[in-house]
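Protein chains: 2
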Amino acid sequence: FILVNVSIAQEQNGETLATWNNSAAKSAIVNFVDRVTQRDSPDYVPPEQRIAVFDNDGTLWAEKPAYFQLLFAKDEVTRLAPEHPEWKTEQPFAAILNEDMVSLLAQGKGGIEKMIGATHANMTREEFNRVVTSWLNTARNPLTGKHYRDMIYQPMGELLNYLRAKGFKTFIVSGGGTDFIRVFSESLYGIPPEQVIGSRLKARYENDDGHPRVIATDEVEFVNDKEGKPIGISQAIGRRPIFAVGNSDGDLQMLEWTTAGKGPRFGMLIHHTDAKREWAYDRKSRVGHLDKALKAAKYHNWTVVDMAKDWSVVFPPAKRTTSKRGAQN
Amino acid sequence: FILVNVSIAQEQNGETLATWNNSAAKSAIVNFVDRVTQRDSPDYVPPEQRIAVFDNDGTLWAEKPAYFQLLFAKDEVTRLAPEHPEWKTEQPFAAILNEDMVSLLAQGKGGIEKMIGATHANMTREEFNRVVTSWLNTARNPLTGKHYRDMIYQPMGELLNYLRAKGFKTFIVSGGGTDFIRVFSESLYGIPPEQVIGSRLKARYENDDGHPRVIATDEVEFVNDKEGKPIGISQAIGRRPIFAVGNSDGDLQMLEWTTAGKGPRFGMLIHHTDAKREWAYDRKSRVGHLDKALKAAKYHNWTVVDMAKDWSVVFPPAKRTTSKRGAQN
Ligand SMILES: [Ca+2]
Ligand SMILES: [Ca+2]
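Laid out in structure tokens, this is it:
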């Protein structure tokens with residue numbers, strides 16, 4: 019909510035990308051957008067082809083100490099534990115309840131699937147929406163003490179607004195769960211649910227009792243990561259984007275494919291360089307691992323955002339939530 | 019092209035749904051739209067929730083003597099036959115080349131999959147687009163002699179424009195192939211590719227030679243028909259529509275699920291009753307089979323469009339393509 023209000027106010031004042039410092043990254047963005055939107059430009063791109071895709075974790079919001087969806091699943095296991103006494107001894111639940119990260123990681127893919135099954139599946143989307151909304155309104159990040167919704171990146175919110183004001187259609191393309199992100203994509207980023215492309219569970223249709231409903235099963239149907247990103251975009255949008263932003267090796271193929279298209283294309287990586295205001299990490303990090311894509315950025319001439327140098331603000335100012343402007347809108 | 023021009027001109031004149039006769043179907047549409055869009059209505063629905071879904075074959079364009087995509091595949095087999103001498107004896111190709119419908123139908127699902135593999139797969143979307151565009155510009159329907167793009171329903175084009183003018187977001191939800199429909203959805207219906215949900219082939223990503231591309235394989239990944247329609251909508255849009263239109267039993271679950279949602283909902287069936295201007299068919303037809311859904315319409319109070327009585331025009335007037343207005347826009 020904050021983000022949108024702040025940015026709208028800024029655009030009314032004639033400012034754009036207000037929390038981007040006047041460095042090369044900002045110039046690269048503005049130059050590209052001018053190039054494809056100015057009517058007399060030889061590189062003009064008609065509005066319907068101005069597709070911009072954004073990774074979510076580590077690109078639009080933070081991802082430490084772990085992907086927020088994983089922290090949600092962990093919180094859910096704790097919340098649901100009283101109804102499941104068997105979890106005290108059953109993995110991966112026992113490890114989660116005991117905060118035993120070593121045992122949890124030892125469960126591997128099977129453990130994560132069980133956790134998703136227990137916290138994301140056998141629900142309609144409406145039911146899942148309520149659960150995630152309640153979590154967003156209460157849960158806090160263990161490292162910052164902030165609500166997760168306050169850990170979105172202010173400059174990226176401005177970039178989304180700026181692109182939309184220039185006729186771009188903005189999409190989220192995430193390795194995270196589509197249904198999870200859809201709960202907050204509109205309120206946090208101004209991106210409607212139908213413009214969220216993520217990993218997904220297989221769904222089934224039920225109507226045995228005259229109450230038709232679509233239910234998420236516990237079977238993973240599609241993993242929207244690495245090669246999955248261009249495939250997911252192609253299946254969901256049917257057009258190659260002209261603008262793509264990510265922050266890890268999981269975005270490498272999305273950026274490669276986007277920027278290899280004919281005509282003007284823009285690729286960008288968010289490099290987490292800011293140990294003071296956020297965290298500094300890249301190729302040694304398990305979460306948000308960035309190595310190959312950073313090398314590819316040089317080769318392909320993608321813009322690399324240095325968070326410490328290119329952004330004057332990282333998270334939205336906390337006070338805004340209770341300011342008059344926030345309350346009125 | 020035609021459709022959009024005609025309808026825009028009409029709206030400028032203050033007319034809407036101009037080729038819908040003043041019968042119950044038109045009133046039902048207009049009353050529902052007023053109910054959900056007028057600010058002071060107790061049933062007001064905010065714009066972002068105004069999702070309208072349309073079946074394609076038999077709902078937005080005709081489907082005789084067979085689904086047009088099947089006729090496209092047949093035409094493609096004929097076009098490609100010189101490169102495939104083995105097809106002279108290999109099924110289902112031999113049956114297609116000999117126009118032997120009995121043998122072709124005997125091939126069943128396996129035959130159709132082989133035909134799809136030979137005509138739709140192992141291509142990038144850009145390559146497939148070129149093939150379909152060329153077919154649309156040249157091929158003609160064997161029963162009418164018309165170009166397929168001239169066999170869209172004028173009243174449905176007006177309905178799409180009317181809903182969009184009222185803040186609805188319109189989607190195609192078809193059992194046909196997503197990639198096929200995306201080629202013409204924007205030019206014929208004003209619906210962008212990312213708002214087309216259909217059946218799809220599995221895709222793979224390739225970049226072994228520095229030319230990143232997404233390729234359609236010959237493996238069917240999802241069939242967007244019957245239960246597949248609510249599942250497909252749920253996965254792609256993440257919201258339950260408030261307005262759904264179909265014409266066959268393949269749309270039953272989509273209409274059931276749409277109209278079972280809370281608040282105001284609208285379900286509509288196009289009943290092909292016009293043997294003079296189009297074709298009259300329902301429960302005895304293999305293509306566009308309509309039986310259960312027609313019974314359900316009574317039970318659920320869905321609007322049933324009687325093409326012969328409710329539409330003053332079926333197909334767009336042929337001359338418009340070369341009119342001044344058509345040329346200017
Ligand atoms: Ca990421
Ligand atoms: Ca149909």
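Chains A and B, in that order, give the protein sequences. When the letters of the first sequence are read in order and numbered with this note's numbering, they come out as residues 19 to 347. When the letters of the second sequence are read in order and numbered with this note's numbering, they come out as residues 19 to 347. Every residue, glycine too, gets a C-beta built ideally from N, C-alpha and C. In this text the structure is predicted, and so the values were computed from the model without any measurement.
Going by alpha carbons, who is nearest to residue i out of the options?
i	options	result
B:N140	B:G185, B:G175 and B:D197	B:D197
B:A315	B:T277, B:L78, B:Y299 and B:P230	B:T277
A:R304	A:K294, A:G268, A:P334 and A:D227	A:G268
B:V323	B:K220, B:G256 and B:A46	B:A46
A:G285	A:N265, A:Y299, A:E237 and A:E296	A:N265
B:F72	B:L287, B:K294 and B:K310	B:L287
A:A70	A:W275, A:D226 and A:V331	A:W275
A:P65	A:L181, A:S330 and A:Y207	A:L181
A:Q271	A:G126, A:A36, A:T156 and A:G193	A:G193
B:W38	B:H307, B:E176 and B:K106	B:E176
B:P259	A:H290, A:D300 and A:P211	A:P211
A:L161	A:T107, A:P100 and A:Y85	A:Y85
A:V331	A:H307, A:K280, A:L312 and A:D292	A:D292
B:G216	B:D227, B:N74, B:Y299 and B:K313	B:N74
A:A298	A:K280, A:K327 and A:N319	A:K327
A:V48	A:H290, A:A183 and A:P230	A:A183
B:L154	B:L206, B:W105 and B:K132	B:L206
B:Q125	B:F111, B:H138 and B:T137	B:F111
B:A99	B:P60, B:Q87 and B:L115	B:L115
A:G135	A:F189, A:G195 and A:P173	A:G195
B:K302	B:K294, B:R295 and B:H290	B:H290
A:F333	A:G128, A:M133, A:P230 and A:W79	A:W79
A:P83	A:P173, A:I251, A:K164 and A:E131	A:K164
A:N225	B:P248, B:N179, B:L312 and B:I199	B:P248
A:R218	A:Q109, A:A311, A:A42 and A:A254	A:A254
A:P230	B:E245, B:H229 and B:K106	B:E245
A:E117	A:G128, A:H102, A:V95 and A:H138	A:V95
A:N319	A:V238, A:R97, A:A42 and A:Y171	A:A42
A:W329	A:R295, A:L312, A:D300 and A:G306	A:R295
Could you name the residues that DSSP lists as bridge partners for residue i?
i	result
A:Y223	A:V232
B:R158	B:H165
A:T321	A:M286
A:V241	DSSP, once it has assigned bridges, lists no residue as partnering A:V241.
A:S217	A:G195
B:F333	B:F333 is not bridged to any residue.
A:F111	The partner list for A:F111 (beta bridge, DSSP) is empty, contrary to what the question assumes.
B:F261	B:A70 and B:F284
B:A36	B:A36 is not bridged to any residue.
B:T188	B:A70
B:W79	B:D75 and B:I170
A:Y85	None; A:Y85 has no bridge partner.
A:Y299	A:H290
B:G142	Rather than Gly, the amino acid found at residue 142 of chain B in this sequence is Thr. B:I233, per the DSSP bridge assignment.
I want to verify the contact list: residues of chain B whose CB lies under 9 Å from the CB of residue i, in sequence order.
i	result
A:E212	I69, K187, F189, E212, Q213, A254, I255, G256 and R257
A:W275	Y223, N225, P230, R231 and V232
A:R200	G256 and R257
A:R218	Q253
A:A278	N225, G228, H229, P230 and R231
What residues of chain A sit near residue i, judged by a beta carbon separation below 8 Å?
i	result
B:D197	G256
B:A311	Within 8 Å Cβ-Cβ: nothing; B:A311 doesn't reach chain A, min ~14 Å.
Using a Cβ cut-off of 7 Å, pull out every chain B residue sitting near residue i, in sequence order please.
i	result
A:Y223	E245, P248, I249 and Q271
A:R143	S252 and G256
For residue i, go through chain B and note every residue whose CB falls closer than 8 Å to its CB, in chain order.
i	result
A:A314	What A:A314 touches in chain B: nothing, since even the nearest Cβ is about 11 Å away.
A:E66	E204 and P210
Can residue i be considered in contact with ligand 4, in the sense that its beta carbon sits closer than 7 Å to one or more heavy atoms?
i	result
B:R97	No copy of ligand 4 occurs in the structure displayed; its ligands are ligand 1 and ligand 2 alone.
Open item on the list: For the pair the stretch 50–66 of chain A and the stretch 76–93 of chain A, tell me if three or more CB-CB distances fall below 8 Å.
Closed with: Contact between the stretch 50–66 of chain A and the stretch 76–93 of chain A is absent, with fewer than three C-beta pairs closer than 8 Å.
Open item on the list: Under 5 Å, CB to any heavy atom of ligand 1. Which residues pass, going along the chain?
Closed with: Taken from the N-terminal end onward, the list reads A:D73, A:D75, A:G76, A:N265 and A:S266.
Task: Any 3 or more C-beta pairs closer than 8 Å across the stretch 141–154 of chain B and the stretch 232–245 of chain B - done: Short answer: they touch.
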